[in-house]
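> This is the structure I want to talk about, given as structure tokens.
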Amino acid sequence: MKEVNTCHNKNFNMIYPYKNAWKYIEEIQQSENADHQALWNQYLIEPYWDKISEWAPVACEFMKPKPIKNIEALKQQLLILDTIDFERIQQEFIKISQALPIYDDDPITVAIYPIDDDDSIVKERQNGVVGACVFGNIIMHVNPLAQDYIEWIPYVFAHEYHHTVWGHNWYVLKGGLKGSLLEHLINEGEADTFAKHMYPHLNPSWVSNISKEEQRKAWAKIKPVLDSTDRNVHAQYVFGSEALDLPWCIGYYFGYTFINSFLDHNPEISLNDLLDMHPNDIFTRSGWANK
Numbered sequence: 001m002k003e004v005n006t007c008h009n010k011n012f013n014m015i016y017p018y019k020n021a022w023k024y025i026e027e028i029q030q031s032e033n034a035d036h037q038a039l040w041n042q043y044l045i046e047p048y049w050d051k052i053s054e055w056a057p058v059a060c061e062f063m064k065p066k067p068i069k070n071i072e073a074l075k076q077q078l079l080i081l082d083t084i085d086f087e088r089i090q091q092e093f094i095k096i097s098q099a100l101p102i103y104d105d106d107p108i109t110v111a112i113y114p115i116d117d118d119d120s121i122v123k124e125r126q127n128g129v130v131g132a133c134v135f136g137n138i139i140m141h142v143n144p145l146a147q148d149y150i151e152w153i154p155y156v157f158a159h160e161y162h163h164t165v166w167g168h169n170w171y172v173l174k175g176g177l178k179g180s181l182l183e184h185l186i187n188e189g190e191a192d193t194f195a196k197h198m199y200p201h202l203n204p205s206w207v208s209n210i211s212k213e214e215q216r217k218a219w220a221k222i223k224p225v226l227d228s229t230d231r232n233v234h235a236q237y238v239f240g241s242e243a244l245d246l247p248w249c250i251g252y253y254f255g256y257t258f259i260n261s262f263l264d265h266n267p268e269i270s271l272n273d274l275l276d277m278h279p280n281d282i283f284t285r286s287g288w289a290n291k
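Going by the UniProt record's numbering, the sequence shown opens with residue 1, and the numbers climb by one from there.
Next up, the structure:
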């Protein structure tokens, strides 16, 4: 695989909604019948959402961070978050942006939110850090009570930043794609491959190897729906589904597998080159189209 090219520094507008959570806590504790959702919206969503979603053509309600009801854990989280050197982390974000070009001068807003300590999947399988790309801007959900969380902030940011670059390239500069499940898988696979390239010592559980038998069974279910544009289908086949007997984050696994298979077959292609390749072409040249 060719090395990733470099580009000019990208400007990031860092915002910290988590700091407003103390006001949320104060009001929760003052009332036995406090409305968690309303207070969360008042203090952690409404002051920031217009900025976070400024490029979104739709409301993106489903992407808004969810209220945290475990108040004692939230207090601990906020105390730790206040000790983080976010200036150093921002420098790491800049390093990531130097490794991947984006042909857009608008700054990217990065919002730091806490995430519920009771979310065991995030805490135990994702080291307490998950991200979301809101049409170019990025939300980082951080649980500092999770093991090794600080190491995973740059990795998850790199994944989401790649989504920003990929989305700008295909939907702003090139007018969009079909919106198929295959495109979704390739998008996730490219994002994790880029993040893994930046942080090769980290091994995300969501792209970890599964057994050959699990792979065979899952692929038999996923391959027939690769052309689907149904977002409900995407959710099941990307994140996994107990009802369909699909393992957790199986779509991330296959996306990552497609990209690495492609790079094995085409070592002259860089990660930057991949951005301009149509997902269908990547899939065909990965060797998986005939499996």
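Even for Gly, the Cβ is constructed at its ideal location relative to N, Cα and C.
When you compare only the Cα positions, how much space is there between E124 and Q90?
Approximately 25 Å between the Cα atoms of the pair.
> Which of the three DSSP states is assigned to A38 in this structure?
Helix at A38.
> Going by beta carbon distance, what residues of the same chain come within less than 8 Å of N70, once the five residues before and after it are set aside?
Cβ neighbours of N70 beyond the five flanking positions: D116, D117, D118.
> Among residues of its own chain, excluding the 5 on either side of S53, which ones have a beta-carbon nearer than 6 Å to its beta-carbon?
Correct list, in chain order: C60, V134.
> How far does the beta strand (DSSP E) with M14 in it extend, from its first residue to its last?
Its beta strand (DSSP E) spans residues 12-15.
> Is there a Cβ from chain B that is less than 8 Å from the Cβ of R231?
This model lacks chain B altogether; it includes just one protein chain.
> Hey, out of D245, F239, D264, whose CA is closest to Y253's CA?
The option with the nearest alpha carbon to Y253 is F239.
> Who are the near neighbours of K95 in its chain, counting only those whose CB is closer than 6 Å to its CB and skipping five residues on each side?
There are no such residues.
> Report the option in D85, P144, R231, A218 whose CA atom is closest to the CA atom of I250.
Per the Cα distances, A218.
> Could you check what DSSP says for M140 in three-state terms: helix, strand or coil?
Note: M140 maps to strand in three-state DSSP.
> Quick one: residues in its chain with C-beta nearer than 6 Å to the C-beta of V156, no 5 flanking neighbours on either side, listed in chain order?
Once the five neighbours on either side are set aside, the close Cβ partners of V156 are V129, G131.
> Rounded to whole angstroms, what is the Cα-Cα separation between H168 and F62?
Roughly 21 Å between the two C-alpha positions.
> Closer than 8 Å is the cut-off here; do at least three beta carbon pairs connect the region 133-147 with the region 80-89?
With the cut-off at 8 Å, the region 133-147 and the region 80-89 touch.
> Of all the alpha helix (DSSP H) runs that stay within the bounds of the region 193-275, which reach a length of 4 or more residues?
Runs found: 212-222, 231-239, 250-265, 271-275.
> Among W55, L39, S31, Q42, which has the Cα closest to the Cα of V172?
Closest option to V172, Cα to Cα, is W55.
> With C-beta atoms as the reference, is L274 less than 8 Å away from E190?
Going by C-beta atoms, L274 is nearer than 8 Å to E190.
> Among W152, D50, G255, which one has its Cα closest to the Cα of N280?
Looking at the Cα atoms, G255 is the closest of the given residues.
> Can you check which of these residues, F283, L271, G287, is closest to A99 by C-alpha distance?
It is L271 whose Cα lies nearest to the Cα of A99.
> Any idea what DSSP makes of T109, helix, strand or coil?
Strand, per DSSP.
> Could you give the first and the last residue of the continuous alpha helix (DSSP H) run that contains G167?
Residues 149-167.
> With a 10 Å radius around its C-beta and 16 neighbouring C-beta atoms as the bar for buried, classify S286 as buried or exposed.
So S286 ends up on the buried side.
> Going by C-alpha to C-alpha distance, which of Q126, S97, D35 sits closest to Y205?
Sequence check: residue 205 is Ser here, not Tyr. The residue with the shortest Cα to Cα distance from S205 is Q126.
> Mind checking who P114 pairs with in its DSSP beta bridge?
According to DSSP, P114 bridges with V142.
> Using DSSP bridges, identify the partner residues of A132.
I139, per the DSSP bridge assignment.
> Applying the criterion that 16 or more other CB atoms from any shown protein chain within 10 Å of the CB defines a buried residue, is I68 buried or exposed?
Under this definition I68 is a buried residue.
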